[in-house]
Every structure is written in C-alpha cells, then in structure tokens.
Amino acid sequence: MHKVLESSLTPLSIYLGGGRSHRSSYDSESQCLELENADFGARSKKMTNVPVQGSYTWLRTQIITRFKIAKSSDFVIDHLRPFFTPYLKHLFTPHLKHLELSMVSVWTKHFNQNFWSEHIEMMSELSSLQHFKLSCLEYSFETTWDDDDDDQERYIDLPGHGRVFCPGNAFYLTFRDGCRSVEINADHVCDKLKDLACYAAAAEARKLEDMISDRRVYNFTVGLIDGAEPMILDHQ
Numbered sequence: 088m089h090k091v092l093e094s095s096l097t098p099l100s101i102y103l104g105g106g107r108s109h110r111s112s113y114d115s116e117s118q119c120l121e122l123e124n125a126d127f128g129a130r131s132k133k134m135t136n137v138p139v140q141g142s143y144t145w146l147r148t149q150i151i152t153r154f155k156i157a158k159s160s161d162f163v164i165d166h167l168r169p170f171f172t173p174y175l176k177h178l179f180t181p182h183l184k185h186l187e188l189s190m191v192s193v194w195t196k197h198f199n200q201n202f203w204s205e206h207i208e209m210m211s212e213l214s215s216l217q218h219f220k221l222s223c224l225e226y227s228f229e230t231t232w233d234d235d236d237d238d239q240e241r242y243i244d245l246p247g248h249g250r251v252f253c254p255g256n257a258f259y260l261t262f263r264d265g266c267r268s269v270e271i272n273a274d275h276v277c278d279k280l281k282d283l284a285c286y287a288a289a290a291e292a293r294k295l296e297d298m299i300s301d302r303r304v305y306n307f308t309v310g311l312i313d314g315a316e317p318m319i320l321d322h323q
C-alpha cells in the first residue's frame with residue numbers, strides 16, 4: 088500500500104479504509120485529512136475504523152494542513168497513553184493550520200483522567216494553527232449498579248471518594264457562553280487555546296468537586312456557565 092501511494096505523481100483523493108459507517112479520507116490537493124466514526128482505543132487499547140497501517144505510514148510523509156475528526160470515540164493523543172502516541176499524535180503536524188473536532192468523546196473511566204483540558208493544551212502547541220473549531224465534545228465514563236438494588240440505580244466510582252449516584256454515562260463540555268461549540272479564527276490562536284485549556288481544567292475540577300460534595304450528579308454539563316441553564320439529567 089505504502090509503495091503504491093508513494094509512486095503516484097498526481098494529486099490524490101483517497102479512501103483510507105474502515106467499516107461501512109466509517110469514512111476516512113485524505114485529499115492531497117487540499118491537504119485535508121478527515122476521520123469519521125473512528126474508535127481511537129483509549130478504553131480497549133485497540134483502534135478500529137482508523138487508517139490501515141500502510142496508508143498511515145504514507146500519511147506521515149504528506150503535508151496535512153487541514154484535519155477534521157467527527158463522530159468519534161475514545162479520543163486520546165497525550166503522553167499519558169504511550170501505547171497510542173506513535174499513531175495519532177504524528178498526524179498533528181507542524182504544518183497544521185485548520186483543526187476541527189465535532190462530536191468526539193474522551194474516555195475518562197472514573198472522571199479522573201484523559202480530560203479535554205489536557206488535549207486542548209497539547210493542541211495549543213501547534214504553532215501554525217490559524218483556525219480551530221470544537222463542537223459537541225463529550226466525556227464518557229464507567230458506571231456500575233448494585234445487583235441487590237431493585238431500582239438498579241447507577242453509580243460512578245470516584246477513587247478516594249467512594250461512589251456517587253449517576254444515572255448517565257457521559258458529560259458534555261460547555262463553554263463560557265453556555266454553548267457546546269467554540270470557534271477561534273484570528274491572530275494568536277495558540278494563546279487563546281491555552282486560555283481555553285485553563286477554562287476546561289477549571290470546569291472539570293468544579294464538576295468533580297460538585298460530585299464529591301453532592302454525592303450525586305444533577306446534570307450532564309461540564310462548564311462554568313453564567314446565566315445559562317445546565318442540562319438536567321433524566322431520572323426516569
């Protein structure tokens with residue numbers, strides 16, 4: 088695969104593999120890489136619906152200035168996941184100018200690791216970025232229930248703090264205006280991303296504090312929102 092791609096002398100727009108619901112493509116003319124419905128393997132340590140090894144090796148030789156990831160799960164690129172770093176992190180190249188993530192979730196297990204703030208902080212180091220868009224980002228986590236509980240209420244285990252009643256298994260990152268999307272398209276994008284990473288870290292810390300204090304989860308929202316109603320959990 089790598090040799091076939093390497094021998095091409097014309098601009099390519101290629102499909103990079105995956106299942107029926109997955110779309111992964113690279114267009115050499117626009118220098119755009121798109122991944123959709125990918126499972127990045129933070130939970131299982133096994134990546135599915137991502138470019139096959141041959142095309143990935145070739146991708147690392149290409150200039151990627153636009154990168155779009157959509158409808159994907161178990162996102163992870165940071166140094167805390169060494170088994171994964173050689174794969175996705177190398178696609179976040181120094182040439183990257185436009186980055187978009189939409190409907191992407193991270194796996195936080197007990198809401199104690201692999202936070203969005205960490206990933207946004209890493210992305211702020213991409214010095215060539217000119218445009219950045221995030222929308223509908225989620226935190227997925229593990230919940231359990233008591234076999235002896237007739238109501239089968241679900242809980243999230245917080246290491247060092249016991250368990251907390253939690254009928255859902257995902258939170259949603261909201262930004263300062265209460266919206267679930269943010270777009271940065273101006274000078275000093277990296278500085279603004281650093282500010283956004285600090286905001287997300289503060290929101291994550293506040294969420295954890297509220298869970299420990301209340302002993303239950305009242306809403307899906309991770310965010311420091313002024314004048315906006317949080318997303319209330321459905322207890323039915």
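Numbers 88 to 323, taken from this note's numbering, label the letters of the sequence shown in order. Cβ atoms here follow ideal geometry from the backbone N, Cα and C, with glycine treated the same way.
Hey, could you find the ends of the beta strand (DSSP E) residue i is sitting in?
i	result
Ser159	Arg153 to Ser159
Ser222	His218 to Ser222
Val269	Ser268 to Ile271
Can you tell me where the alpha helix (DSSP H) with residue i in it begins and where it stops?
i	result
Arg150	Residue 150 is actually Ile in this sequence, not Arg. That residue, Ile150, is in no alpha helix (DSSP H); it is neither H nor E in DSSP.
If residue i sits next to residue j, beta carbons under 8 Å apart, how far is it from one beta carbon to the other, in whole angstroms?
i	j	result
Tyr226	Val309	6 Å
Ser160	Ser192	5 Å
Leu213	Phe179	6 Å
Pro63	Asn201	As displayed, the chain neither begins before 88 nor continues past 323, which places residue 63 out of reach and without an answer.
Name the DSSP bridge partner or partners of residue i?
i	result
Ser214	In the DSSP output, where bridge partners are listed per residue, Ser214 has none listed.
Arg303	Phe252
Arg241	Trp232
His185	Arg153 and His218
Ser227	Trp194 and Ala257
Val309	Leu260
DSSP three-state call for residue i: helix, strand or coil?
i	result
Ala257	strand
Lys196	strand
Asp264	coil
His177	helix
Val276	helix
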